[in-house]
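Presented below is the structure to which this report refers.
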Amino acid sequence: MRGLLSTEVETVGGKTMFFDKNITFIDLEAIDRRDAIKKMALSLYEAKLVSETFERGILDREDRFPTGLAVGTLGIAIPHTDADKVITPQIAFASLKKPVKFCLMGTSDVEVDVSLIFMLALKKSEDQLSMLQRLMEIFEDQKLLREFAECGSQERLEQLLNQVGLK
1 MRGLLSTEVE TVGGKTMFFD KNITFIDLEA IDRRDAIKKM ALSLYEAKLV SETFERGILD
61 REDRFPTGLA VGTLGIAIPH TDADKVITPQ IAFASLKKPV KFCLMGTSDV EVDVSLIFML
121 ALKKSEDQLS MLQRLMEIFE DQKLLREFAE CGSQERLEQL LNQVGLK
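Shown next as structure tokens:
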């Protein structure tokens with residue numbers, strides 16, 4: 001299920017709209033992390049937001065520098081790649097129907113069951129760092145994260161994004 005979510009940062013009348021309906025998934029079905037990444041990257045590519053090399057870039061970077069995080073009892077991943085693969089800045093979101101395994105950030109052999117994915121497609125490294133810092137602040141709230149994982153509808157997800165200032 002996809003839905004309309006947006007947050008401004010840079011183009012559309014001078015502002016980029018994040019969490020667009022075409023790249024936001026509730027209860028995404030994926031067999032593993034590669035499948036989840038491919039589905040999300042394809043949605044970004046089909047929306048003409050990233051280049052055809054974006055998916056490969058995300059997969060390669062995730063293999064070298066894992067982005068899985070264990071936050072309390074919830075697993076989150078923040079896959080991203082180089083800015084040269086991004087046409088228009090965007091953030092894709094997915095809550096997964098069933099968790100998939102990602103390697104824990106900073107390791108190559110410790111896995112975490114991920115239920116939420118925030119895929120960053122940003123053109124400037126400072127934007128990427130700023131968004132990562134903002135997301136990390138949000139990830140500190142276990143109750144809020146659980147609400148993201150269990151939101152069940154685009155309307156509820158939009159409310160949560162408004163609540164944390166991402167919409």
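Note that full-length UniProt numbering numbers the sequence shown so that position 123 is 123, with each residue one more than the last. C-beta: ideal position from N, C-alpha, C; glycine also.
Legend entry - CB contact flag (residue 18, residue 76, <8 Å): no
Inset, instruction - Would you decide whether residue 131 is buried or exposed? Buried here means 16 or more other CB atoms lie within 10 Å of its CB. - result: buried
Legend entry - Option in 67, 81, 126 with minimal Cα separation from residue 103: 67
Legend entry - Sheet register partners of residue 113 (DSSP bridge): 101
Inset, instruction - Go ahead and label residue 165 buried or exposed: buried means 16 or more other beta carbons lie within 10 angstroms of its beta carbon, across all protein chains shown. - result: exposed
Legend entry - 8 Å Cβ cutoff met for residue 119 and residue 79: yes
Legend entry - C-beta contact flag for residue 108 and residue 95 at 8 Å: no
Legend entry - residue 45 versus residue 51: straight-line alpha-carbon distance, rounded: 6 Å
Inset, instruction - Could you pull out every residue in the same chain whose Cβ sits closer than 6 Å to the Cβ of residue 31, ignoring the five residues on either side in sequence? - result: none
Legend entry - Counted within 10 angstroms of its Cβ, other Cβ atoms place residue 43 as buried (16 or more) or exposed: buried
Inset, instruction - Drop a sphere of 10 angstroms on the beta-carbon of residue 128, count the other beta-carbons inside from all chains shown, and report buried for 16 or more, exposed for fewer. - result: buried
Inset, instruction - Please report how far the alpha carbon of residue 163 lies from the alpha carbon of residue 146, in whole angstroms. - result: 14 Å
Inset, instruction - Between the Cα of residue 110 and those of 117, 149, 125, 63, spot the shortest distance and give me the residue it belongs to. - result: 63
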